[in-house]
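The structure under discussion appears below in the form of structure tokens.
Number of protein chains: 2
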Amino acid sequence: MAPSVTSRALDLLGAFGPEHRSLTLSELARRAGLPLATAHRLVGELHKWGALARLESGEYVIGRRLWDLGLLAPVQSGLRQAASPFLHDLYGATLATVHLAVRDGCEVLYVDRLAGHVSVPVVSEVGSRLPLHATGVGKVLLAYAPEAVRAEAFGRLRRITPYTVTQPARLAEQLRRVRAEGYATTGEEMSLGACSVAVPVGGDTVVAALGIVVPDLRRDKARLVAALQVAARGIGRTLASAE
Amino acid sequence: MAPSVTSRALDLLGAFGPEHRSLTLSELARRAGLPLATAHRLVGELHKWGALARLESGEYVIGRRLWDLGLLAPVQSGLRQAASPFLHDLYGATLATVHLAVRDGCEVLYVDRLAGHVSVPVVSEVGSRLPLHATGVGKVLLAYAPEAVRAEAFGRLRRITPYTVTQPARLAEQLRRVRAEGYATTGEEMSLGACSVAVPVGGDTVVAALGIVVPDLRRDKARLVAALQVAARGIGRTLASAE
DNA sequence: GTCGCCCCTTCCGCTCAATGGAAGGTAAGT
DNA sequence: ACTTACCTTCCATTGAGCGGAAGGGGCGAC
């Protein structure tokens, strides 16, 4: 009901997605629900600006120019650089998949990830987002988030596995323990066969969370938490010294 | 000279950048050279679609929706996942900054990067691009690139440091040696104090390049090359087995 | 207080840019 | 040679975009 040029152009961009990395003009037109001639013109403009690029085959892909808008900022942040060596150390000490994440609104945004040769099946990937309530790093970030965020997050405790914590009261209690004990844990709450431990990064304000994913937590949780805290402290110090 | 709605909307997006992560409406209008009222309307549409998001402060930032277009695809690729453990091994063996990169057009696109506690100053970052002719991974990718790409790349051999190779003949000779010997090297050609070695990843078609950056290459190049090749073979095997 | 400044938002009549059907061109498949 | 599917160009119509102007709100200065 709103055939504004802008929305149409955006819909053309929206026709792309993880599983549609490159599209022909006709496909674009179809997916955006536009007449071919119209799509042709709009795509031409997007292309001229650099929002779309054209392959030799004639198919269109998302263009470079959109990259340069600063989209990768979180991933390229000083945080990631400062943390990199510590993530490596942590992996060496635990041989578990290592995660570095920040909170973006009401979601966890994974900033870095380090996987071993054999690792539990993990859904996260650099740049991907997951709900705050079902991951280790998420619980940490939620525990130290402003009240408004927590309220919002509590409003949508989606069940993901049978073990996902979806009762507000229970989650609130867990967050209290996170703040008290300095670490969070999950047990198959995001994906079956995967448990996690996570700790906050940063001093008085928590800027990120550091976590690992393992098949089983009962065995040596204490050692893992200790390793995590060493790494987190290291990252915190590095960040502080770099201002 | 082209006041098309589309280009204007795009210019608003283009007002953002690495150093302008969030902008007020007025700033946007100024930077895009648009009357406030016009900017207001367009920004409204971009916002409604999700291309822009609004902070509590009222400032606008690039919106989530643009992320989801698959921009992170290269970084989230199977390549990165397959390579991750081998990058770690390689770091363990060399204690050097490790790079995994692919070719994107006539540039190197860094897909992953692993830095140590102490590392030579390196300009690259995940998601960033550099010219093909001045980096180790770049030379590898260029050596195995199609003729058209090579021609294009030879057309713009920009000098970056006094040691950058800018003579086409000399670069061509180097690429020949890369193909013959299976690895590429650079010596302070991208940034002073940084040398690099890189090897191709993949079998008959080179899909990526794996490289390390060190302060000095003369000492134990042979060992580094060997370590790189072990890792590259491992990545290749993992990719092949995963199809 | 109130004046000035800056930013955001809404309104509305004019106009020109966007529209899309149709027609022509190319390339591959049968 | 025919069919199908894709891409590109043209151009008369029209409604979507335009932006000056006016109104509202927050903040600091005087």
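Protein chains in written order, with the UniProt record's numbering: chain A, 1 to 243; chain B, 1 to 243.
No residue lacks a Cβ here, since even glycine has one placed at the ideal position from N, Cα and C.
Query: Which residues of chain B have a Cβ atom closer than 7 angstroms to the Cβ of L171/A, listed in chain order?; Result: Within chain B, no residue comes near L171/A; the closest Cβ sits about 24 angstroms away, beyond 7 angstroms.
Query: Just by C-beta distance, which residues in the segment 142-165 of chain B are closer than 7 angstroms to chain A?; Result: none
Query: Among all the DSSP beta bridges, which residues are the ones paired with R219/A?; Result: None, per the DSSP bridge assignment.
Query: Give the interface partners of G116/B over in chain A, defined as CB-CB distance under 9 angstroms, in chain order.; Result: S84, P85 and H88
Query: Can at least three beta-carbon pairs, one atom from the segment 146-165 of chain B and one from the segment 107-119 of chain A, be found at a separation below 8 angstroms?; Result: no
Query: Do W49/B and L10/A count as a contact pair if the criterion is CB distance below 7 angstroms?; Result: yes
Query: Could you name the residues of chain A that S63/B contacts, counting a contact when the two beta carbons are closer than 7 angstroms?; Result: The question names Ser, yet the displayed sequence has Gly at residue 63/B. Going along chain A, no residue has its Cβ under 7 angstroms from G63/B, so there is no contact; the nearest lies around 10 angstroms.
Query: When Cβ atoms are compared, which residues of the segment 180-203 of chain A fall closer than 9 angstroms to chain B?; Result: none
Query: Per the DSSP calculation, E107/B is bridged to which residue(s)?; Result: D104/B and P131/B
Query: If you follow the alpha helix (DSSP H) that V38/B is part of, which residue opens it and which one closes it?; Result: What sits at residue 38/B in the sequence shown is Thr, not Val. L36 to W49 is the span of the alpha helix (DSSP H), which, as asked, contains T38/B.
Query: Check whether the segment 233-242 of chain B touches the segment 167-185 of chain B, taking contact to mean three or more Cβ pairs, one atom from each stretch, closer than 8 angstroms.; Result: no
Query: At a threshold of 6 angstroms, does Y91/B count as lining the ligand FMN (C-beta to nearest heavy atom)?; Result: Annotation note on the ligand FMN: not contained in the displayed structure, which lists no ligands.
Query: DSSP on A83/A, reduced to helix/strand/coil?; Result: helix
Query: If I follow the unbroken beta strand (DSSP E) through A172/A, where does it start and stop?; Result: Looking at the DSSP string, A172/A is not in any beta strand (DSSP E); the run it does join, the alpha helix (DSSP H), is P168 to E181.
Query: Based on DSSP bridge pairs, tell me the residues matched to L23/A.; Result: Y60/A
Query: Please classify R159/A: does DSSP put it in a helix, a strand, or coil?; Result: coil
Query: Spatial neighbours of A143/A within its chain, please: C-beta separation below 7 angstroms, excluding the five flanking residues on both sides.; Result: L175, V178, R179 and A184
Query: Mind pulling the chain B residues with CB within less than 8 angstroms of L42/A?; Result: T6
Query: Residues bridged to I212/B by DSSP?; Result: V98/B and V197/B
Query: Does DSSP classify T186/A as helix, strand or coil?; Result: strand
Query: Might you give, ordered along the chain, the residues of its own chain that have their beta carbon closer than 7 angstroms to the beta carbon of R64/A, omitting 5 neighbours on each side?; Result: G50 and A53
Query: Within 10 angstroms of the Cβ of V214/A, are there 16 or more other Cβ atoms? Answer buried if so, exposed if not.; Result: buried
Query: May I ask you to list the residues that DSSP assigns as paired with R30/A?; Result: None, per the DSSP bridge assignment.
Query: Say whether the segment 80-89 of chain A touches the segment 151-161 of chain A, bearing in mind that this needs 3 or more beta-carbon pairs closer than 8 angstroms, one atom from each stretch.; Result: no
Query: Residues of chain B with CB under 7 angstroms from E45/A, in chain order?; Result: S4, T6 and S7
Query: Give the DSSP-derived three-state secondary structure of L141/A in the structure shown.; Result: helix
Query: Is it right to say P3/B is buried, meaning 16 or more other beta carbons lie within 10 angstroms of its own, or is it exposed?; Result: exposed
Query: Would residue 317/B pass as a contact of L72/A if the rule is Cβ separation under 7 angstroms?; Result: The structure shown does not extend to residue 317/B, since chain B spans only 1 to 243, so no value can be given for it.
Query: How about L224/B and T94/B: do their beta carbons lie closer than 7 angstroms?; Result: yes
Query: In the DSSP assignment, find the alpha helix (DSSP H) that holds L55/A and state where it starts and stops.; Result: Here L55/A belongs to no alpha helix (DSSP H), and DSSP marks it neither H nor E.
Query: To the nearest angstrom, how far is it from the Cα of P146/B to the Cα of H133/A?; Result: 48 angstroms
Query: Identify the continuous alpha helix (DSSP H) that holds G14/B and give its terminal residues.; Result: V5 to G14
Query: Alpha carbon to alpha carbon, how far is L46/A from A240/B? Give it in angstroms, no decimals.; Result: 37 angstroms
Query: Kindly indicate which three-state DSSP category D89/A falls into: helix, strand or coil?; Result: helix
Query: Per DSSP, what kind of secondary structure is G17/B in: helix, strand or coil?; Result: strand
Query: Which same chain residues end up closer than 7 angstroms to V149/A when comparing Cβ atoms and leaving out the 5 residues on each side of it in sequence?; Result: C106
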